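K.L.:
Top line first, the protein sequences correspond to chains A and B. Under this note's numbering, think of the first position of the first sequence as 874, with each following residue one higher. Under this note's numbering, think of the first position of the second sequence as 874, with each following residue one higher. My questions all concern the structure below.
2 protein chains.
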Amino acid sequence: MLANRRELLYGMATAFAGFAMPRLGASKKAQSGLRINAARLKRRLEDLSVYGRPAGGTFADGVSRVAYSDADVAGRNYAMKAMREAGLQPRIDPAGNIFGARAGMAASAPRILFGSHIDSVPNGGNFDGDVGSMSAIEVMQTFEENHVTTKHPLEMVIWSNEENLVGSPAAAGGLDESVLSRVYNGIRMEDGLRKIGGDPTRLAEARLAPHSFCCYLELHIEQGGTLDKSKIPIGVVEGIVSIDEYEAEIRGFANHAGTTPMPDRRNALLAAAKLIEAVQDAVTREPGRQVGTVGQLQVFPNAHNVVPGLARLSIELRDLSAEKIARLGDEIQRKAQEIARETGTEVHIKKVDHDPPAMADPEIQAKIEQAAASLGLKTIRLPSGAGHDAQWMARLAPMGMIFVPSLLGISHAPKELTSWEDCANGANVLLETLLLLDGR
Amino acid sequence: MLANRRELLYGMATAFAGFAMPRLGASKKAQSGLRINAARLKRRLEDLSVYGRPAGGTFADGVSRVAYSDADVAGRNYAMKAMREAGLQPRIDPAGNIFGARAGMAASAPRILFGSHIDSVPNGGNFDGDVGSMSAIEVMQTFEENHVTTKHPLEMVIWSNEENLVGSPAAAGGLDESVLSRVYNGIRMEDGLRKIGGDPTRLAEARLAPHSFCCYLELHIEQGGTLDKSKIPIGVVEGIVSIDEYEAEIRGFANHAGTTPMPDRRNALLAAAKLIEAVQDAVTREPGRQVGTVGQLQVFPNAHNVVPGLARLSIELRDLSAEKIARLGDEIQRKAQEIARETGTEVHIKKVDHDPPAMADPEIQAKIEQAAASLGLKTIRLPSGAGHDAQWMARLAPMGMIFVPSLLGISHAPKELTSWEDCANGANVLLETLLLLDGR
Chain A
874 MLANRRELLY
884 GMATAFAGFA
894 MPRLGASKKA
904 QSGLRINAAR
914 LKRRLEDLSV
924 YGRPAGGTFA
934 DGVSRVAYSD
944 ADVAGRNYAM
954 KAMREAGLQP
964 RIDPAGNIFG
974 ARAGMAASAP
984 RILFGSHIDS
994 VPNGGNFDGD
1004 VGSMSAIEVM
1014 QTFEENHVTT
1024 KHPLEMVIWS
1034 NEENLVGSPA
1044 AAGGLDESVL
1054 SRVYNGIRME
1064 DGLRKIGGDP
1074 TRLAEARLAP
1084 HSFCCYLELH
1094 IEQGGTLDKS
1104 KIPIGVVEGI
1114 VSIDEYEAEI
1124 RGFANHAGTT
1134 PMPDRRNALL
1144 AAAKLIEAVQ
1154 DAVTREPGRQ
1164 VGTVGQLQVF
1174 PNAHNVVPGL
1184 ARLSIELRDL
1194 SAEKIARLGD
1204 EIQRKAQEIA
1214 RETGTEVHIK
1224 KVDHDPPAMA
1234 DPEIQAKIEQ
1244 AAASLGLKTI
1254 RLPSGAGHDA
1264 QWMARLAPMG
1274 MIFVPSLLGI
1284 SHAPKELTSW
1294 EDCANGANVL
1304 LETLLLLDGR
Chain B
874 MLANRRELLY
884 GMATAFAGFA
894 MPRLGASKKA
904 QSGLRINAAR
914 LKRRLEDLSV
924 YGRPAGGTFA
934 DGVSRVAYSD
944 ADVAGRNYAM
954 KAMREAGLQP
964 RIDPAGNIFG
974 ARAGMAASAP
984 RILFGSHIDS
994 VPNGGNFDGD
1004 VGSMSAIEVM
1014 QTFEENHVTT
1024 KHPLEMVIWS
1034 NEENLVGSPA
1044 AAGGLDESVL
1054 SRVYNGIRME
1064 DGLRKIGGDP
1074 TRLAEARLAP
1084 HSFCCYLELH
1094 IEQGGTLDKS
1104 KIPIGVVEGI
1114 VSIDEYEAEI
1124 RGFANHAGTT
1134 PMPDRRNALL
1144 AAAKLIEAVQ
1154 DAVTREPGRQ
1164 VGTVGQLQVF
1174 PNAHNVVPGL
1184 ARLSIELRDL
1194 SAEKIARLGD
1204 EIQRKAQEIA
1214 RETGTEVHIK
1224 KVDHDPPAMA
1234 DPEIQAKIEQ
1244 AAASLGLKTI
1254 RLPSGAGHDA
1264 QWMARLAPMG
1274 MIFVPSLLGI
1284 SHAPKELTSW
1294 EDCANGANVL
1304 LETLLLLDGR
């Protein structure tokens, strides 16, 4: 189709009456005049939602499109059909990632990569990943329909198994391949990979060379409530937070709840309660956007008439600053030893995981702000508290992320909701940012 | 055998050289001079311990003689054999309780009832119940060997299924018969009852008439650490505590642990932690022997990366004063509503069970102290924090309990241990107390 295209930085948008050629750099307000088709984007999000919908449910009942499930396969086929409608030839790499490239004017220029995912958590919502993926297709189709040829080749991607971070780490050369022998959602991951068209024996071929693309861009729902609360339509991600994960084991002594006087108890659950409060105190005592969570707690023997003898709990700390959460972890460790002395228990806390932060590129952040401003959309900068495929791409190239609001901050749940207007705004900001990145 | 007995308040102890007839009431130090056979008591406790012993284990590995199990049946057969050696004719009532009566001088006098149980919790110890049961047999055999005839008829009892309080409530007319349809340890309780020689269709016949016995006495291990810590061999039970049991449900909102800022969280586990501390504070703030326990806690969805949305926990309060634990319950309720406001959660606490206290008879307590003093054994008064068959007998007649030390307060565990000397002391105090009660 290249032969029929006018070799312009931006193609003629003949379908748009009054379309004016953008002059990039001339003004912060410069914009292409191109708009994605909001109705088509909505329809595709609705169409995609049926793959993994609960029996008898509606769009509002969310989705279980768990990676490697039949619903995942069907959803991926739907996405590839839509990519073809957008003029792309979908290609599946050995890690199950779906790529679709669009040629640029300069064949030797590095690609601009952008995309998201369409797999979901069990009982998830219809926006996490889907918005970025369907918008990527929509942007490609808008370029196609408007005969836009960018300078750089464009490539969109739908990462496989984002919820377990398999596809993008494989592309970044950071996948621990031992996870492929694990059973996930009733299927061994390596078999799951084959089921979606991947090849676990050729994973090395999925690796992207560091200079094969010039930057990575991802549109995603915020999954938190900051944008919704402040009524701002576009979030500019500063980076993806660092995560420290700890496991704590508290050993007391299980004893009869009736015959053991209070001063003689070595109550593991009482110590756990104090530790949960200590995590909350450490994290909220100082200003900042750091978060800390005890999400998991198990009590033994867990009987109403036995003083608990053993408790195990998870502690998770997140912030853009790895140094800050390391310091908070040390504080919690110190406090835990005080609690141990106070309650006659032993508290052992060990770090079980550390994800470094992935900072967004400052220039891309500025371009997203410029793109949003050109569309009259307000922005704020914020960290991403959740992990994303983008954190893996940040290892290879400058990365940027665009957030759109999640109603009430709800995500990973059927009630997850982003307004159609916010979806369309996000897609248009994605389009304008791509053009700005292409022009630099 | 009555015909051969000298009709004395206390029989001639011809086997004992230098035996002197006791003159009751003449001195607080008066004692019969009778002694139980400590070696035989030890042997019977060891013999009984094999029924329910873990495969390949020793006495120190504890016992699983769960009611209605084959081990329970075998243990009961062993106990009945020992009762016959003691000159008794065992009789099983429709509730599975084993009785053994010994005639007194006055045929019309009400019986003195005493005993305990031999069923255990899973992975329990060899002293809970067994000490009181084997001692009851030992006391009967000592009377038999020494040709003692009491004024009142004596009756010993081994209650069935004490760990679920089935046998003694049936005898007290307080059994909720619907429990018999429940499956316990792999057998429906009514079938279990048949298996041990009871008859669930004739339970009414197991009821003891209120004036059919003049008092009830039980020797038991303390199951707490008070006696062991203070090195006092005999505990005189003031009463069996009242128990209030509550279930608390805390409703917050499950949300992403990375994307939900700290001030926006409605963390059910944080609220639960504060409630656990509130229970501890309420119970320990004032002097007294009241205890309060959160033994059970469940967290939902219980994932390390999700802010907990729901928590359920048990709260149990125990004290001799039902009024005191009712007041503590009210305090905890008030504090829970403060916690709910502070954490943005809803806390619902409902009372699910109330056991009234069962007070020991003051005169019997004095008699136990007199009996122990006559043997040169120190005593202290203390509440029983655990439930016992005695609490049901207290509904029908004056009740008393004798406690012997539990090493380190450990019970309901293989490590449960009472020294052989303490067992023998307990049995001798039981014997002397029976004689004092008979003489009043």
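Just so it is clear, CB atoms sit at the ideal spot from N, CA and C, and this is done for glycine as well. Only a predicted model underlies this, so the values are computations on that prediction, with no experimental measurement involved.
DSSP on Met1272/A, reduced to helix/strand/coil?
P.N.:
Residue state, collapsed to three classes: strand.
K.L.:
Using the rule of at least 16 other Cβ atoms within 10 Å of the residue's Cβ for burial, across every protein chain shown, is Glu1196/B buried or exposed?
P.N.:
When all chains shown are included, Glu1196/B counts as exposed.
K.L.:
Quick one: which chain B residues come within Cβ less than 7 Å of Arg1191/A?
P.N.:
Result: Gly1131.
K.L.:
Can you tell which of Gly969/A, Asp945/A and His1025/A has its C-alpha closest to the C-alpha of Val994/A?
P.N.:
Looking at the Cα atoms, Asp945/A is the closest of the given residues.
K.L.:
Rounded to the nearest angstrom, what separates Gln1206/A and Val1156/A at their Cα positions?
P.N.:
Between Gln1206/A and Val1156/A, the C-alpha separation is close to 13 Å.
K.L.:
Decide if Glu1211/B is buried, meaning its Cβ has at least 16 other Cβ atoms within 10 Å, or exposed.
P.N.:
Exposed, because fewer than 16 other Cβ atoms sit within 10 Å of the Cβ of Glu1211/B.
K.L.:
At the 9 Å Cβ level, is Ser1279/A part of the contact set with chain B, yes or no?
P.N.:
Judged by the 9 Å Cβ criterion, Ser1279/A is in contact with chain B.
K.L.:
Identify whether Glu1294/A lies in helix, strand or coil by the three-state DSSP scheme.
P.N.:
The answer is helix: DSSP assigns Glu1294/A an H, G or I state.
K.L.:
Measure the Cβ-Cβ separation of Ser1187/B and Gln1169/B and say whether it is below 9 Å.
P.N.:
It is a contact, given that the beta carbons lie within the stated cut-off.
K.L.:
Threshold first: 4 residues or longer. Then list the alpha helix (DSSP H) segments lying entirely within the segment 967–1027 of chain A, N to C.
P.N.:
The qualifying runs are 1003–1018.
K.L.:
What does Asn1178/B touch in chain A if you count any residue whose Cβ is under 7 Å from its own?
P.N.:
Those are Gly1168 and Glu1189, listed as they occur along chain A.
K.L.:
Count Cβ pairs between the segment 1006–1025 of chain B and the segment 943–959 of chain B that sit closer than 8 Å; are there 3 or more?
P.N.:
The segment 1006–1025 of chain B, when compared against the segment 943–959 of chain B, does touch it at the 8 Å Cβ threshold.
K.L.:
Beta carbons nearer than 9 Å to chain B: which residues of the segment 1084–1108 of chain A have them?
P.N.:
Listed by position, the residues of the segment 1084–1108 of chain A near chain B (Cβ gap below 9 Å) are Glu1095, Gln1096, Gly1097, Gly1098, Thr1099 and Lys1102.
K.L.:
Answer with yes or no whether the minimum CB distance from Ser1257/A to chain B is below 9 Å.
P.N.:
Interface residue, yes.
K.L.:
Between the segment 1118–1133 of chain B and the segment 1242–1255 of chain A, do three or more beta carbon pairs fall short of 8 Å?
P.N.:
They do not touch, by the three-pair rule.
K.L.:
Since Thr1218/A meets chain B, which of its residues come closer than 9 Å, beta carbon to beta carbon?
P.N.:
Correct list: empty, because the minimum Cβ distance to chain B is about 13 Å.
K.L.:
Give the straight-line distance between the Cα atoms of Leu1309/A and Leu1090/A, rounded to the nearest whole angstrom.
P.N.:
Approximately 12 Å between the Cα atoms of the pair.
K.L.:
Please identify, using Cβ separations under 9 Å, the residues of the segment 1136–1150 of chain A that lie next to chain B, in order along the chain.
P.N.:
Listed in sequence order: Pro1136, Asp1137, Arg1138, Asn1140, Leu1142, Leu1143, Ala1145, Ala1146, Lys1147, Leu1148, Ile1149 and Glu1150.
K.L.:
What does DSSP give as the partner residues of Asn950/A in its beta bridges?
P.N.:
Its beta-bridge partners do not exist; DSSP assigns none.
K.L.:
Assuming the contact rule is C-beta atoms closer than 8 Å, Ser937/B and Gly997/B should be a hit. Round their C-beta distance to whole Å, please.
P.N.:
With a Cβ gap of about 7 Å, Ser937/B and Gly997/B count as contacting.
K.L.:
Does Ile1283/A pass the burial test, meaning 16 or more other C-beta atoms within 10 Å, or should it be called exposed?
P.N.:
Buried is the call here.
K.L.:
Check whether the Cβ of Ala1127/A lies closer than 9 Å to any Cβ atom in chain E.
P.N.:
Of the protein chains in the structure, A and B, none is chain E.
K.L.:
Is it true that the CB of Ala940/B sits closer than 9 Å to the CB of Gly1046/B?
P.N.:
Contact flag unset, no.
K.L.:
Indicate the three-state DSSP secondary structure (helix, strand or coil) for Thr1218/B in the structure shown.
P.N.:
Thr1218/B: coil per DSSP, three-state reduction.
K.L.:
Give me the subset of the segment 1034–1049 of chain A whose CB atoms are less than 8 Å from a CB atom of chain B, sorted by chain position.
P.N.:
For the segment 1034–1049 of chain A, which is checked against every Cβ of chain B, not one residue is closer than 8 Å.
K.L.:
Roughly how many angstroms lie between the CA atoms of His1285/B and Pro1230/B, to the nearest whole one?
P.N.:
Between His1285/B and Pro1230/B, the C-alpha separation is close to 22 Å.
K.L.:
Closest to Gly1161/B by CA distance: which of Thr1133/B, Pro1256/B and Gly1202/B is it?
P.N.:
Gly1161/B has its Cα closest to that of Pro1256/B, out of Thr1133/B, Pro1256/B and Gly1202/B.
K.L.:
Take the Cβ of Ser1054/A as the centre, count every other Cβ of all protein chains shown within 10 Å, and call the residue buried at 16 or more, exposed below.
P.N.:
With fewer than 16 other Cβ atoms within 10 Å, it is exposed.
K.L.:
Using a 10 Å radius around the Cβ and a threshold of 16 neighbouring Cβ atoms, would you call Thr1074/B buried or exposed?
P.N.:
Classification of Thr1074/B: exposed, given that the 10 Å Cβ count is below 16.
K.L.:
Please confirm whether Ser1284/A has its beta-carbon closer than 9 Å to some beta-carbon of chain B.
P.N.:
Closer than 9 Å to some Cβ of chain B, the Cβ of Ser1284/A qualifies, so yes.
K.L.:
Exposed or buried, Ala1259/A, counting other C-beta atoms within 10 Å across all chains shown (16 or more means buried)?
P.N.:
The residue in question, Ala1259/A, is buried, as its Cβ has 16 or more Cβ neighbours within 10 Å.
K.L.:
Pick from Pro963/B, Met1272/B and Ile991/B: whose alpha carbon is nearest that of Val1109/B?
P.N.:
Nearest C-alpha to Val1109/B: Met1272/B.
K.L.:
Applying the 10 Å Cβ sphere with the 16-neighbour rule, what's the burial state of Val1220/B?
P.N.:
By the 10 Å Cβ count, Val1220/B comes out buried.
K.L.:
Is it right to say Thr931/A is buried, meaning 16 or more other beta carbons lie within 10 angstroms of its own, or is it exposed?
P.N.:
Flag for Thr931/A reads exposed.
K.L.:
Please give the ranges of any alpha helix (DSSP H) in the segment 1181–1247 of chain A, keeping only runs that are unbroken, at least 4 residues long and fully inside the region.
P.N.:
Complete alpha helix (DSSP H) runs here, min 4: 1195–1216 and 1235–1247.
K.L.:
For chain A, check one thing: does any of its Cβ atoms lie closer than 9 Å to the Cβ of Pro1181/B?
P.N.:
Yes - at least one Cβ of chain A is within 9 Å of the one on Pro1181/B.
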